[in-house]
Amino acid sequence: MVQFIKPGILIDFVSKFKIAISLSLILILIGVGHLIWKGPKLGIEFKGGTSIQVEFDKPVNVSALRDAIKNSKFFADSRIQNIGGSNKRYIIYTKVSTSSTTTSIESKLKELLDKQFKGGYKILEVDMVGPKVGKEFRDKGIIAIVLSLIAILIYISLRFQYRFAIGAILALVHDVLITVGFLSIFGYEFTLDVVAAILTIVGYSVNDTIVIFDRIREKVKTNRKLSNTEAINMGVSETLSRTILTAGTTLFVVLSLYLFGGHALKGMSFALLVGIISGTYSSIFIASPTLLMFKGELIPQKKEVDSTEKFKQKFEFDNMKM
Amino acid sequence: MKTSTWIKLVIIIVIVAIFGAYTLPSLIGKQKAKEISSLFNGLLPTDTINLGLDLKGGMHLVLGVDTDKAVFVVISRAAENIQQQLINAKIAADSVIPEAEGYRIKIHLVDNKDINRAVDLIIKSLPNYRVINDGNPIVIQLKKEIADKIKKRAIEQAISVIRNRVNQFGVTEPTVVKAGDDHIVVDLPGIKNANRAVRLLGETARLELHLVDDKVDVSDALNGNLPPDDEVLYQIQRDPTTGEISKIPFVVKKEPVITGDMITNATVRFGGTLNQPYVAFELNSEGAKIFAKFTATHIGKRLAIVLDNVIYSAPVIQSRIGGGRGQITGNFTLEEAHDLALVLRSGSLPAPVKVLQKVTIGPSLGKISIEKGKKAMIFGALAVILFMIFYYRLSGVLADLALILNIVIIFGTMVMLHATLTLPGIAGIALTVGMAVDANVLIYERIREELLIGRSIHDAVNTGYSRAFITILDANITTLIIALILYQFGSGPVKGFAITMAIGLLANMFTAITFTKTVFEIVLDKFKPSKLSI
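Residue numbers (the numbering used here), protein chains in the order written: chain A, 1 to 322; chain B, 1001 to 1534.
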C-alpha cells in the first residue's frame, strides 16, 4: 500500500496558528499593497478598449512594430505585448473602442501595418469592448463574488454552525486576497476568465474546508471528552492524507493547463494555481484554528444534530433502495 | 447478487450507453457517426459538440439598442399630432416641443385662457399620456408602462430585423439572442469580412423619399432661414478617382412621401451609360398608390432618396411612376449595392443599434487554442490516471473508470443540451478531472482507515461509502451553488465554464458514488476477495 501520510499521525496544527496567520498577513499585505500601489491591471473586458492579436510570417522587432503604429492617434499610447516568445505574435492594446461602423480600429491597423510590413502578417483576434459594457462586467463580477459569499455563509450556517461559516469565509477571503495579490505582483491582467477562476477558487476553498470541518464535527460527536483543540487537531490530521492527494491531483491538471494551455489560458490557470495552493493551506492553518476564536463547545446544537441525522439516514447508502 | 445491485447495474449500463452514444460522434466525426447510425435505422444521435467561437473562429457581437430613441420617435410624432389638433381647434401655440429627457412634451400656448380647452383636448386625444403640469406651458408625459412597451417592442423588432439580415448574409449556424434588457448578442461563426458584417448589422436602414423644396435657396437655409416644415440633409459623394468626399446640402420637406416600411422587395440591377449597379425597389399597394399620385402631380420636381438621413440621390421626376417601382442610383460598388438591397429587404431597425462589444477570432487562432487546450487536458488527465493507479492499485483503476465516465457524461450532456464548448469550458472540464477524484480519494481513505482498525472488507467498504457520502454532498453542493451564480452573472465564455463545472459536479456525484459502489458490491459478491487492492 502506497501511503504518503502514516496513519495514526497527529500533528498539532492549532499551535501553528499564530505563525500561519502572520505569514498569511505578510503575503496579503505585500500582494494587496502592490495591487493598491500599482492599481489593478484590468483586462479590456472591464475597462473597455480594443486588443488586436497579430501574427507575422517572420520575426518582427517590437520597436519596428511600435514605430509603425505610433503616429496614428488611435494607437498613440497603445501597449504592445509579445506572446509565445518567438517575436512573431503580438497583442496590441489600445484604449480606443470605436463602435462607429465606418472606421474600425482593425482596418486602421491593417492600413498602418500594410504600409510598414507589406502584408506578411495575419490578424488572429480582435477584441473590442465599449466602456459601458466594461462597467457592466465589473459590476456583475463583484455581485457574483459577493452573492457567492452570502450563499456559502447561509449554507454552512444551516448545515454546521455559524462559527464554521465564519471560519470558511475567513479562509476563502484569505485565498481570494492571496490570489489577487499574486496576480498583481506577477503582472497578470484581471479578465473575465480570471474572475471565473477566482470564483472557482472560492468553490475549491470551501470544498476543502468543509471536508475537514465534517471530520472535526464527527470527532466531537463520537468522543465528547475531546477538547476543542484536540478535536480540531485530530480532524485536520486524519484528513491530511486526502487533503494532500486531492490538492496534488488538481494541481497536476492546473499546472498542465498553465504550461500547455497556451496564451489564452495563462492568467486563468495562474490564478487557479495560486488559489489551490492557498486554499489547501488555509483550510488547514486558517479555517480550522479560527473555530477556537469562539467560546463554547464545538458540539452541534441539539436541533442541528437531529436534522443532520435525519438527512444522513435518508441518504445512507446501506438503506437506500434503488 | 442482490436484486438492488442488479437494478443499479442496469441503470449504470443504460447511462453509459446513452451518454456514450451522444459523445461518440464528436470523437469519430459527423460523417462516420451518420454511417454507424444508418445501420441502426438512424436511431443513434449524430450531433457533434458545438464549439464556441473562440475554438472555431468567427465573430461575437454585443449590440446595444438605443431604445430611448425609439420612444423619442413616438413622442415626436405625438407632438406633431398635437400641433395639428391645436390648429384644428383654433388654439394658438407658440411651440410644441418633444423632450427626450423624461419622455415629455412641452406645449407653450400664446394665450393663457386657452389652457383648459387645450388640456381637455390633449386628455381626450392622447390617452397614453398624463398631464404633469396644466399651467402654461402644459407639460405632458408618456406613461411609463407605455414607454416600457415601446422599448420592449423595439428590441424584439430589432432582433427580428437583425436575424433577417444575418440569414441573408449567408452565415451557417448564426445565433441572434436577446441578453439583458437592451442588448442583443450575435454570434457569426466563420465570418471572413468582419467590418462588412458589422456595417450591415448596424445600419438602421430607415429609407424615406422626401420632396426637394426648390422654393428655398440652400445658402439661405444654411444661414438659418429655414421654413418650419423643411430640413437640410446632405448628399455624400466620393470622387471615384481621388477618393475625396464632398457634402452637398439639400433643402427637403420634413414629411416623407414614402417610408421604408412600404418596401416589399429590393434587388441589385445594372444600367446607365457605364452599366453601373443600382438598387431597384418595389412598393406595397398602399405605397404604390401614393407614389403614383405623387409623381403625377410633381413632374419636374426632384425627389431625394434618403437612407438614415443621408441623401443617396435626388433624381428629377420625369413622369408619373405607376406600378410601385423605383430605383436608387449612386456611385455604388457592387458590394455596396448588394448590402443596400439587403438592408432594404430586411426592413429598418426601429432604433439605432450600437456595437458595444466585438470579438473576432481568426480560424487559425481557434485551431491553435483547441490543440493547446486538448494537449493540456490530456496531459493533466493522464497524470491523474497514472497517479491513482500507483496509489490505489486496482481501486485506482476503478476510480479512473469513474473519471472517464465522468468526462463522457459531461460531453454527452453538452451535446444533448446543445451547450457550447469554449476554451474556458475545456479548463472547466480539466479542473473537474482534478477534483473528480476527490470523492473517490475521500471514500478510499475512509476504507483504508476502516480496514486498519480491523473491519472486514465488506464492512470497511460500506462504512467508507456511507461516512464519506455526507461530506461529498456538502462539498459538492457549495461548489454547485458557486457554479450557478457564475452561470447567472457570467457572460459568454464564463457561462460555458460554469456549465461544464456544474455538469461535472453532478456527474461526479453519480460516478464516484453509485458507479464505483456498485462495482465494489459486484466484485465483493462474486469473487469474495480476502484482500482489497486499495
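Backbone N, C-alpha and C define an ideal beta-carbon position, used for all residues, glycine too.
Partner residues on chain A for residue i, Cβ-Cβ distance less than 8 Å
| i | result |
| --- | --- |
| E1449 of chain B | P7 and E238 |
| I1485 of chain B | A144, L147, S148, A151 and L199 |
Whole-Å CB distance - residue i paired with residue j, under 8 Å assumed
| i | j | result |
| --- | --- | --- |
| G43 of chain A | F190 of chain A | 6 Å |
| V1433 of chain B | L1403 of chain B | 6 Å |
| I286 of chain A | S24 of chain A | 7 Å |
| F4 of chain A | S241 of chain A | 6 Å |
| G261 of chain A | K1372 of chain B | 6 Å |
| L199 of chain A | I145 of chain A | 7 Å |
| L1233 of chain B | N1309 of chain B | 6 Å |
| V129 of chain A | G49 of chain A | 7 Å |
| I1472 of chain B | A1502 of chain B | In fact, because the Cβ distance is near 16 Å, the residues do not count as touching under 8 Å. |
| G84 of chain A | H263 of chain A | 7 Å |
| Q1157 of chain B | P1350 of chain B | 5 Å |
Identified DSSP bridge partners for residue i
| i | result |
| --- | --- |
| F56 of chain A | A:Y121 |
| K1354 of chain B | B:G1064 |
| M128 of chain A | A:T50 and B:K1358 |
| P1277 of chain B | B:F1270 |
| F1250 of chain B | B:L1233 |
| E1282 of chain B | B:N1265 and B:R1325 |
| N82 of chain A | A:Y90 |
| L10 of chain A | Answer by DSSP bridge pairing: none, since L10 of chain A is not bridged. |
| P1228 of chain B | According to DSSP, which records beta bridges pairwise, P1228 of chain B is partnered with nothing at all. |
Residue-level contact to chain B via CB, residue i, 8 Å cutoff
| i | result |
| --- | --- |
| V305 of chain A | In this prediction, V305 of chain A has a pLDDT of 48, which is less than 50 and means its spatial position is unreliable; nothing more can be read from the coordinates. |
| L245 of chain A | yes |
| F252 of chain A | yes |
| K132 of chain A | yes |
| A165 of chain A | no |
| M128 of chain A | yes |
| Y162 of chain A | no |
| E229 of chain A | The amino acid at residue 229 of chain A is misidentified as Glu; the sequence shows Thr. It does not: the Cβ of T229 of chain A has no partner Cβ on chain B nearer than 8 Å. |
| Q116 of chain A | no |
| L257 of chain A | yes |
| G203 of chain A | yes |
Minimum Cβ-Cβ distance from residue i to chain A less than 8 Å
| i | result |
| --- | --- |
| K1358 of chain B | yes |
| I1482 of chain B | yes |
| V1364 of chain B | Checking the sequence, you will find Ser at residue 1364 of chain B rather than Val. Yes, S1364 of chain B lies at the interface with chain A (some Cβ there is under 8 Å from its Cβ). |
| D1438 of chain B | yes |
| I1317 of chain B | no |
| I1470 of chain B | yes |
| M1414 of chain B | no |
| M1435 of chain B | yes |
| Y1391 of chain B | yes |
| L1452 of chain B | yes |
| A1460 of chain B | no |
| A1304 of chain B | no |
Cross-chain neighbours of residue i in chain A, by beta carbon under 7 Å
| i | result |
| --- | --- |
| D1474 of chain B | R159, I210 and D214 |
| E1445 of chain B | S241 and R242 |
| S1369 of chain B | G262 and A264 |
| Y1234 of chain B | What Y1234 of chain B touches in chain A: nothing, since even the nearest Cβ is about 15 Å away. |
| L1423 of chain B | A264 and L265 |
| F1497 of chain B | A196 |
Cross-chain neighbours of residue i in chain B, by beta carbon under 9 Å
| i | result |
| --- | --- |
| G267 of chain A | Within 9 Å Cβ-Cβ: nothing; G267 of chain A doesn't reach chain B, min ~11 Å. |
Under 7 Å from the C-beta of residue i: neighbouring residues of chain B
| i | result |
| --- | --- |
| F260 of chain A | K1372, K1375, A1376 and F1379 |
| Q81 of chain A | The premise fails here: Q81 of chain A is roughly 15 Å from chain B at the closest Cβ pair, so nothing lies under 7 Å. |
| I123 of chain A | G1362 |
| V274 of chain A | Under the 7 Å cutoff, chain B gives no residues; its nearest Cβ is about 14 Å from V274 of chain A. |
| V194 of chain A | Simply none; closest approach about 10 Å. |
| N207 of chain A | A1475, T1478 and T1479 |
| V323 of chain A | Because chain A here runs from 1 to 322, residue 323 of chain A falls outside it and cannot be looked at. |
Amino acids of chain B, ordered along the chain, whose beta-carbon sits closer than 8 Å to that of residue i
| i | result |
| --- | --- |
| E106 of chain A | A1194, N1195 and T1360 |
| Y155 of chain A | I1477, T1478 and I1481 |
Alpha helix (DSSP H) runs contained entirely in the region 1496 to 1533 of chain B, provided each spans 4 or more residues = Along the length of the region 1496 to 1533 of chain B, whole alpha helix (DSSP H) runs at least 4 residues long occupy 1516 to 1527, reported in chain order.
If you scan the region 232 to 283 of chain A from start to end, which runs of the beta strand (DSSP E) of 3 or more residues do you find wholly inside it?
-> As far as the region 232 to 283 of chain A is concerned, it has no whole beta strand (DSSP E) run of at least 3 residues.
Entirely within the region 1105 to 1172 of chain B and at least 4 residues each: give me those alpha helix (DSSP H) ranges in chain order.
-> Within the region 1105 to 1172 of chain B, complete alpha helix (DSSP H) segments of at least 4 residues are found at 1115 to 1125 and 1144 to 1169, given in chain order.
Which whole runs of the beta strand (DSSP E) in the region 182 to 209 of chain A are 3 residues long or more, in chain order?
-> Segments of the beta strand (DSSP E) lying fully in the region 182 to 209 of chain A: there are none.
Only counting runs of 4 or more residues, tell me where the alpha helix (DSSP H) segments fall wholly within the region 1018 to 1088 of chain B, in order along the chain.
-> List check, alpha helix (DSSP H) in window: 1030 to 1039, 1053 to 1056 and 1067 to 1088.
Length at least 3, wholly inside the region 1419 to 1494 of chain B: the beta strand (DSSP E) runs in chain order | When DSSP assignments are scanned along the region 1419 to 1494 of chain B, no uninterrupted stretch of beta strand (DSSP E) that is 3 or more residues long falls wholly within it.
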